[in-house]
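Numbering (the working numbering), first residue to last: 12 to 246. Beta carbons are placed, not taken as given, at the ideal position from N, Cα and C, and that holds for glycine.
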Amino acid sequence: KVMRKFRGILNKITPQNFKKLVEQVMNLEIDTAEKLEGIIDIVFEKAIREPRYCVVYANLCHCLLPIKVSFENKELVFKTILLNKCQKKFDKTYEHKTHNNTDQLVNEGLSPMFSRKKKHPSEQEEYEMWERRRTLGNIIFIGELFILKKILTENIMHTCVWKLINRTDDESLECLCELLSTVGKDLDHDIAKPRMDQYFRQFNKIIDSKKTSSCVRFMIQDLRDLRLSNWVPRQ
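Right, here's the structure in full:
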């Protein structure tokens, strides 16, 4: 019942009705580990499938931070479970890429449309596009969680950036450009400037190598321009 109500609220939530619907969420009886993990699963899936609304879902998570429940003499905290979920998705994606095993992620059981059987080329392409959208959605969500400060730390952010920039595939670099366009302004302060300089030197090497697609090279160039303009987007 709680899951059904929570899902219904998320289907209706917008920036305009956010305050009213958050009050409804906070009035739900989320008092067991199953319920807590259930609402986190729902909001996480909504966020990575609907990146246009990641800001809304990240702000909702910010409001839910005080929620905690007892389970087997331990305290389960909303923030810890949410971050573990984001990290698991991030790590699993790049572990999957490292081993080049496209069936590995199917075992998550997140969609019935993809079975463990050998897939037809069109199904394989559909699966890869589906997974690519989810990966990008997770990156955007991570960025929005960082901007809210209390949810995700700067050190975690730099770890994500470093892992992505040391990969050579277009998808990882596309995700990195998307991430830095969101969080670059918050990361590029005096103390962290040497690290940011290092990232952009690596970007220069990537462009010069011409081993990536022209689309990704243009994204990197746009990101360099954004930094030169102090992270103020062009009108």
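Collapsed DSSP secondary structure at residue i in the structure displayed
| i | result |
| --- | --- |
| residue 163 | coil |
| residue 243 | coil |
| residue 40 | coil |
| residue 135 | helix |
| residue 175 | helix |
| residue 146 | helix |
| residue 12 | coil |
| residue 35 | helix |
| residue 180 | coil |
| residue 104 | helix |
| residue 276 | In the structure as shown, the chain begins at 12 and stops at 246. Residue 276 is therefore absent and cannot be evaluated. |
| residue 20 | helix |
8 Å Cβ cutoff met for residue i and residue j
| i | j | result |
| --- | --- | --- |
| residue 25 | residue 67 | yes |
| residue 194 | residue 157 | yes |
| residue 171 | residue 198 | no |
| residue 56 | residue 13 | no |
| residue 149 | residue 101 | yes |
| residue 163 | residue 76 | no |
| residue 44 | residue 82 | yes |
| residue 97 | residue 147 | no |
| residue 5 | residue 224 | The displayed coordinates of the chain run from 12 to 246. Any statement about residue 5 would go beyond what the structure contains. |
| residue 80 | residue 87 | yes |
| residue 192 | residue 239 | no |
| residue 78 | residue 32 | no |
| residue 232 | residue 176 | no |
| residue 145 | residue 63 | no |
| residue 184 | residue 243 | no |
Residues bridged to residue i (per DSSP)
| i | result |
| --- | --- |
| residue 187 | Residue 187 is not bridged to any residue. |
| residue 155 | According to DSSP, which records beta bridges pairwise, residue 155 is partnered with nothing at all. |
Identity of the residue in the options nearest residue i by Cα
| i | options | result |
| --- | --- | --- |
| residue 178 | 200, 217, 228 | 217 |
| residue 166 | 19, 202, 31 | 202 |
| residue 58 | 222, 155, 188 | 155 |
| residue 143 | 168, 103, 131, 233 | 103 |
| residue 188 | 204, 211, 161, 206 | 211 |
| residue 52 | 38, 99, 161 | 99 |
| residue 207 | 168, 131, 228, 74 | 168 |
| residue 200 | 230, 241, 34, 219 | 241 |
| residue 65 | 105, 91, 21 | 21 |
| residue 73 | 36, 60, 23 | 36 |
| residue 105 | 27, 174, 220 | 174 |
| residue 15 | 28, 85, 27, 49 | 49 |
| residue 161 | 91, 131, 220, 140 | 91 |
task = Within the stretch 191 to 235, note down every full alpha helix (DSSP H) run reaching 4 residues or more, in order along the chain.
result = List check, alpha helix (DSSP H) in window: 204 to 220.
query = Which ranges does the beta strand (DSSP E) cover as unbroken runs of at least 3 residues, wholly within the stretch 48 to 97, from first to last along the chain?
reply = Entirely contained in the stretch 48 to 97, the beta strand (DSSP E) runs reaching 3 residues are, in chain order, 79 to 82, 85 to 88.
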